[in-house]
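**Student:**
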Amino acid sequence: MHKKFRYILLIFVILFAVCTSACVDQEEVSAQSTRSITDMAGRTVEIPADVDKAVATSPPATMLIYMLAPQKLAGWNFMPQGSQTYLKPEYQALPVIGGWFGKQDGNYETIISMGPDIIFEGYNSGGDVNSTINERQKKFGTIPVVGIESTIDAMAYAKSIKFMGYVLGEEERAGQLISFYKRTLNNVTVKVSQIPEDERKSVYYAEGTNGLLTDPQGSPHSQLIEICGGINVAECPIEQGYGRSEVSIEQVLQWDPEVIITGDPNFYKNVYEDPLWQDITAVKNDEVYLYPDAPFCWFDRPPGINRIIGIPWTAKVLYPQEFSDLDLRGHVKEFYSEFYHYELSEDEIDGLLNPAAAGN
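Okay, so the sequence shown: first residue is 1 according to full-length UniProt numbering, each after it adds one.
Rendered as structure tokens:
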């Protein structure tokens, strides 16, 4: 009887040890399924250890998800231009979920129903940032909302690329994108710094079908002008939010820019025949340029990481002689491969660099 009791006790001890070990292992697994991070707004957020599905509330952050980890992007804020050409079928098929940016057409229920692991809320410095993000968090419930800054400052893209790479578990890819960005930016800014002030080109950013909407110096929408050594001639108040300050043709005539940059194909098509614009130096000298916009704009709208390729393009537009040794075609090919996961043909590069002829 004594031996039998000891045998039963031994079995009980073994079972207890196994169960305890299993419970500890389960606790460890549970603890490892999430991690605590500090987002770019300084908030402590608990997120999944492995993020498999992500969305963002505005295009700059959405594009950054796509650039770093396209397989983890769950939806677009809007369908990219030329998506059938420059996006693989699986990314063309992603739903359009809207968001909170220019259009303010996001829908909480729609996004929640998709079951994302994480939601990125892009924001700009200034204002009551935390209350905006915290309100968003209340609406999204248990889905963690992570604040990400500097997605519209073309001089500070590295911070947001690095941070999002860390959150998405794509640190190596983030490093590759940052390397391209810094190399491209540095090549342009170093050379621009050597251009005397009195030799810098005056530039007007023409928006809208009549060209009489613009963004002055200090606006994120016209930032590439200053980065690439141009002088933004527009002297008007910055229109907050979506931008696009209204000006008159009389003001543009007075400013008399040497170069006009536009994203509106109708304005570009008509400006050389429009008598109102005939006396402007840029028009007389055939210095009006339509920037490429597929699958995302190179110059503006959205003013996100997509503009990295717009830096060498703008520099070459403003100062073709100073940047005669800049291999723009090579930059374009590398950028589309690294950032958009798409290998361009030579004909496609031709089409991108001549958007008016290509009908982009």
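Glycine included, C-beta positions come from ideal geometry on N, C-alpha and C.
Which word fits lysine 269, buried or exposed, when buried means at least 16 other C-beta atoms lie within 10 angstroms of its C-beta?
**Tutor:** It counts as exposed.
**Student:** Leaving aside the five residues before and after glutamine 137 along the sequence, list all residues of the same chain whose C-beta is less than 6 Å from its C-beta, in chain order.
**Tutor:** Excluding residues within five positions, the ones whose Cβ falls inside 6 Å are Val145.
**Student:** Apply the 10 Å Cβ neighbour rule to isoleucine 61 and answer buried if 16 or more other Cβ atoms are within range, or exposed otherwise.
**Tutor:** The amino acid at residue 61 is misidentified as isoleucine; the sequence shows alanine. Alanine 61 is buried by the Cβ-count criterion.
**Student:** Would you kindly work out how many angstroms separate the C-alpha atoms of alanine 158 and asparagine 134, rounded to a whole number?
**Tutor:** Between alanine 158 and asparagine 134, the C-alpha separation is close to 25 Å.
**Student:** Please list, in chain order, all residues of the same chain as isoleucine 311 whose beta carbon is under 8 Å from its beta carbon, the five residues on each side excluded.
**Tutor:** For isoleucine 311, where only same-chain residues beyond five positions count, the Cβ hits under 8 Å are Ala154, Thr184, Leu185, Val188, Leu224, Ile227, Cys228.
**Student:** In this structure, what does DSSP give as the bridge partners for threonine 262?
**Tutor:** Bridge partners of threonine 262: Ala206, Leu290.
**Student:** Checking 8 Å against the spacing of the C-beta atoms, do tyrosine 204 and valine 252 come in under that value?
**Tutor:** Cβ distance < 8 Å, so tyrosine 204 and valine 252 count as in contact.
**Student:** Between the C-alpha atoms of serine 222 and serine 150, what's the straight-line distance to the nearest angstrom?
**Tutor:** Approximately 16 Å, taken between the alpha carbons.
**Student:** Nearest by alpha-carbon distance to glutamine 81: which of Ala294, Ile161, Glu273, Thr314 is it?
**Tutor:** Checked all of Ala294, Ile161, Glu273, Thr314; the closest Cα to glutamine 81 is Ala294.
**Student:** My guess is that valine 190 and glycine 230 are in contact by the Cβ rule of under 8 Å, so how many angstroms apart are they, rounded?
**Tutor:** That belief does not hold up - the Cβ atoms of valine 190 and glycine 230 are roughly 16 Å apart, past 8 Å.
**Student:** From leucine 338 to aspartate 279, what does the alpha carbon distance come to, in whole angstroms?
**Tutor:** The question names leucine, but residue 338 is glutamate in the sequence shown. Approximately 43 Å, taken between the alpha carbons.
**Student:** For serine 21, does the three-state DSSP call read helix, strand or coil?
**Tutor:** A caution first: serine 21 carries a pLDDT of 49, below 50, which makes its placement in the model unreliable, though a value can still be read off. In this structure, serine 21 counts as helix in the three-state DSSP scheme.
**Student:** Answer with buried or exposed for asparagine 33, where buried requires no fewer than 16 other C-beta atoms within 10 angstroms of its C-beta.
**Tutor:** Strictly speaking, residue 33 in this sequence is serine, with asparagine absent from that position. Serine 33 is exposed by the Cβ-count criterion.
**Student:** For the alpha helix (DSSP H) holding arginine 136, just list the boundary residues, first then last.
**Tutor:** Counting along the chain, the alpha helix (DSSP H) containing arginine 136 begins and ends at 129-140.
**Student:** Leaving out the 5 sequence neighbours to the left and right, which residues in its chain are closer than 7 Å to isoleucine 152 when beta-carbon positions are compared?
**Tutor:** Result list for isoleucine 152: Pro60, Asn124, Pro220, Pro303, Gly304, in chain order.
**Student:** Along the chain, where does the alpha helix (DSSP H) that runs through glutamate 346 open and close?
**Tutor:** Run containing glutamate 346: 346-353, per the alpha helix (DSSP H) assignment.
**Student:** Could you tell me which residues DSSP pairs with serine 58 in its beta bridges?
**Tutor:** Its beta-bridge partners do not exist; DSSP assigns none.
**Student:** Should histidine 331 and isoleucine 349 be called a contact, given that it needs their Cβ atoms to be closer than 8 Å?
**Tutor:** Their beta carbons are not under 8 Å apart, which means histidine 331 does not touch isoleucine 349 by this criterion.
**Student:** Taking 8 Å as the cut-off, decide whether the C-beta atoms of aspartate 117 and lysine 53 are in contact.
**Tutor:** Yes, Cβ-Cβ distance for aspartate 117 and lysine 53 is below 8 Å.
**Student:** Taking just the CA atoms, how far does leucine 73 sit from isoleucine 112?
**Tutor:** Rounded to whole angstroms, isoleucine 112 to leucine 73 spans 14 Å at the Cα level.
**Student:** When we look at the beta-carbon of serine 58 and count the other beta-carbons within 10 Å, is it buried (16 or more) or exposed?
**Tutor:** Per the 10 Å Cβ criterion, buried.
**Student:** Go through its chain and collect everything with a Cβ distance to leucine 276's Cβ below 8 Å, but skip five positions before and after it.
**Tutor:** For leucine 276, where only same-chain residues beyond five positions count, the Cβ hits under 8 Å are Ile249.
**Student:** When you compare the CB positions of aspartate 97 and valine 55, do they come within less than 8 Å of one another, or not?
**Tutor:** The question names aspartate, yet the displayed sequence has isoleucine at residue 97. For isoleucine 97 and valine 55, yes; Cβs fall inside 8 Å.
**Student:** What residues are listed by DSSP as bridge partners for serine 337?
**Tutor:** In the DSSP output, where bridge partners are listed per residue, serine 337 has none listed.
**Student:** Tryptophan 255 CB to nearest chain D CB: under 8 Å?
**Tutor:** Of the protein chains in the structure, only one exists, and it is not chain D.
**Student:** Unbroken alpha helix (DSSP H) runs of length 4 or more, entirely within the region 85-127: which are they?
**Tutor:** The qualifying runs are 89-92, 108-113.
**Student:** Measuring straight from C-alpha to C-alpha, what distance separates arginine 173 and methionine 67?
**Tutor:** Computed Cα separation, rounded: 9 Å.
**Student:** Which one of Gly147, Thr262, Ile161, Tyr291 has the shortest CA to CA distance from arginine 43?
**Tutor:** When each option's Cα is compared against that of arginine 43, the closest is Gly147.
**Student:** Around the C-beta of aspartate 347, are 16 or more other C-beta atoms found within 10 angstroms, so that it is buried, or is it exposed?
**Tutor:** Exposed, since its Cβ has fewer than 16 Cβ neighbours within 10 Å.
**Student:** So, alanine 282 versus valine 192, is the Cβ gap smaller than 8 Å?
**Tutor:** Against a cut-off of 8 Å, the Cβ pair of valine 192 and alanine 282 comes out as no contact.
**Student:** Could you check whether valine 247 and threonine 214 sit closer than 8 Å to each other, using their CB atoms as the reference points?
**Tutor:** For threonine 214 and valine 247, yes; Cβs fall inside 8 Å.
**Student:** Let me know the secondary structure DSSP gives isoleucine 238 once reduced to three states.
**Tutor:** Isoleucine 238: coil per DSSP, three-state reduction.
**Student:** Kindly indicate the opening and closing residues of the alpha helix (DSSP H) around proline 312.
**Tutor:** Element bounds for proline 312: 310-318.
**Student:** For lysine 139, collect the residues of the same chain with a Cβ closer than 8 Å to its Cβ; drop the 5 residues on either side in sequence, then sort them by chain order.
**Tutor:** Hits under 8 Å: Tyr108.
**Student:** Would you tell me roughly how many angstroms separate the C-alpha atoms of serine 345 and glutamate 171, rounded to the nearest one?
**Tutor:** Roughly 29 Å separates the two Cα atoms.
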